[in-house]
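J.: In the numbering used here, the protein residues as written are 51 to 169. Even glycine gets a Cβ: it sits at the ideal position worked out from N, Cα and C. Below you'll find the structure I mean.
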């Protein structure tokens with residue numbers, strides 16, 4: 051098995067060699083993000099600041115993951131276009147979750163649950 055550093059360089063180069071390499075990289079990344087999130091100080095302002103940084107990092111990683119999965123599918127001959135509606139709905143759900151997470155971190159316990167994109 052490749053080291054975390056080898057996995058990172060492999061993915062940074064955009065040349066995953068297998069689905070297992072991609073899966074291992076994603077797992078490592080998510081574990082790193084979880085560790086960073088759990089290490090956040092209890093100060094609410096600091097939490098919100100770091101939460102936004104982590105969300106930006108996760109967004110970038112998700113974009114990279116989508117591209118790598120698309121590239122792997124192309125290499126495997128599985129070029130099925132993703133329906134725009136599905137991608138849009140996923141992004142709306144993520145946006146909804148992020149918005150309400152920020153409200154919760156800021157102490158807004160009465161944030162509206164109207165207009166849920168998945169409801």
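Taking 7 Å as the threshold (C-beta atoms), are residue 105 and residue 87 in contact?
T.: Not closer than 7 Å, so no.
J.: Could you name the residues of the same chain whose beta carbon sits closer than 7 Å to that of residue 69, not counting the 5 residues immediately before and after it, in chain order?
T.: For residue 69, where only same-chain residues beyond five positions count, the Cβ hits under 7 Å are 122.
J.: Could you tell me which of 144, 127 and 111 sits nearest to residue 72, measuring between CA atoms?
T.: The option with the nearest alpha carbon to residue 72 is 111.
J.: Is residue 67 buried or exposed, if buried means 16 or more other CB atoms sit within 10 Å of its CB?
T.: Under this definition residue 67 is an exposed residue.
J.: What residue range does the alpha helix (DSSP H) around residue 74 cover?
T.: Residue 74 -> alpha helix (DSSP H) spans 69-88.
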